[in-house]
Amino acid sequence: RSDSCANGGWVGLVEEGTSSDLFVCWEISGGFVRPVANPRFVLCTADDDCQDGGWVHLWEHESAAPAVSQWVVSGNCLRSRGNQGFVLCARQDFQGIHMWSFDGLPDKFGQWEMQPAKPSARQILGVNSAGVLRPVISQLTRAAMLDNDHKVNNLHSAAFLEGLQSFALVLELVGWHVNDLLTTDLEKLGRSMAKYGKATYRDWLYAEIPVHAETGYKEYVDESAAMANLWVARNLRFFAE
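For the sequence shown, full-length UniProt numbering begins at 1 and goes up steadily by one.
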């Protein structure tokens with residue numbers, strides 16, 4: 001998830017093909033498992049002493065203890081270096097991942113198929129001319145709804161939000177807190193959009209017009225998609241310039 005690259009950030013499972021490559025690809029190197037979205041963080045067990053059902057999360061590499069942040073690749077399994085009797089497992093209901101111990105070979109829930117990253121995922125690291133912006137460009141292009149003259153006249157809301165969330169991750173790579181303002185406005189935008197559930201961006205903004213009656217329609221209510229949209233636009237304009 002776009003908001004998970006933080007100390008204690010949540011890690012879960014998603015159905016293949018339902019999420020951007022940016023959010024599902026990992027780099028395994030030197031005993032560390034890093035999210036491609038932000039390699040500054042590593043996958044860690046939540047407890048120094050592993051236990052059955054113990055959960056995992058993300059933590060900054062520099063401040064993570066070796067016992068909880070390092071892994072041993074053993075066959076198709078990821079074992080905690082701190083206690084190699086425990087492996088990273090999918091929950092049987094596939095609602096998340098956790099640690100579990102096995103006396104012998106782990107069952108299918110403790111084995112993983114590791115595939116090379118697709119080219120589009122590796123390009124977040126700057127392999128081609130699009131560099132770190134490639135996922136952003138791809139998602140925003142997918143979001144665009146064109147008229148007969150091939151000009152953008154509306155946006156698919158879900159894809160547009162994914163593109164903005166990807167851009168927020170890119171800004172996080174630039175420096176600490178660089179993405180704070182955009183992230184805050186995306187959260188506000190998401191709260192409003194979830195309430196109305198419209199498919200297109202314009203419909204979402206139109207649907208909440210009555211909210212602004214309390215200001216006499218002289219300005220936007222702060223907690224609204226329109227206010228978030230205003231500041232998202234200012235953020236994008238600033239970074240574009």
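Ideal Cβ placement from N, Cα and C applies to all residues, glycine included.
Since this is a predicted model, take the numbers as computed values, not measurements.
Taking the beta carbon of residue i as the centre, do at least 16 other beta carbons fall within 10 Å, making it buried, or is it exposed?
i, result
"H98", "buried"
"A121", "In this prediction, A121 has a pLDDT of 43, which is less than 50 and means its spatial position is unreliable; what the coordinates show is noted afterwards. Label assigned to A121: buried."
"D107", "exposed"
"M114", "exposed"
"T141", "exposed"
"S129", "No answer about S129 holds up, because its pLDDT of 43 lies below 50 and its placement is not dependable."
"E241", "exposed"
"N179", "buried"
"D103", "exposed"
"L105", "exposed"
"P135", "buried"
"L146", "exposed"
"T215", "exposed"
"R34", "buried"
"S192", "buried"
Between which two residues does the alpha helix (DSSP H) harbouring residue i extend?
i, result
"Q139", "134-143"
"M114", "Per DSSP, M114 belongs to no alpha helix (DSSP H) and is neither H nor E."
"G163", "157-174"
"residue 304", "The displayed coordinates of the chain run from 1 to 241. Any statement about residue 304 would go beyond what the structure contains."
Do residue j and residue i count as a contact pair if the criterion is CB distance below 8 Å?
i, j, result
"V56", "V11", "yes"
"L169", "A37", "yes"
"C5", "L58", "yes"
"E162", "K188", "no"
"N229", "L182", "no"
"V167", "A143", "The amino acid at residue 167 is misidentified as Val; the sequence shows Phe. The answer is no: Cβ separation not under 8 Å."
"Y201", "S138", "no"
"A207", "K198", "yes"
"F109", "Q92", "yes"
Which partner residues does residue i have in the DSSP bridge list?
i, result
"N154", "M145"
"residue 242", "There is simply no residue 242 to check, as the chain begins at 1 and stops at 241 in what is shown."
"H98", "C89"
"L58", "G9, L43"
"I28", "V33"
"W71", "S80"
Go to residue i, then tell me how far its beta strand (DSSP E) extends in each direction, as first and last residue.
i, result
"A90", "83-90"
Rounded to whole angstroms, how far is the Cβ of residue i from the Cβ of residue j, which I believe are closer than 8 Å?
i, j, result
"V72", "R79", "4 Å"
"G75", "C50", "19 Å between Cβ atoms; not a contact."
"L164", "V232", "7 Å"
"G31", "Q70", "4 Å"
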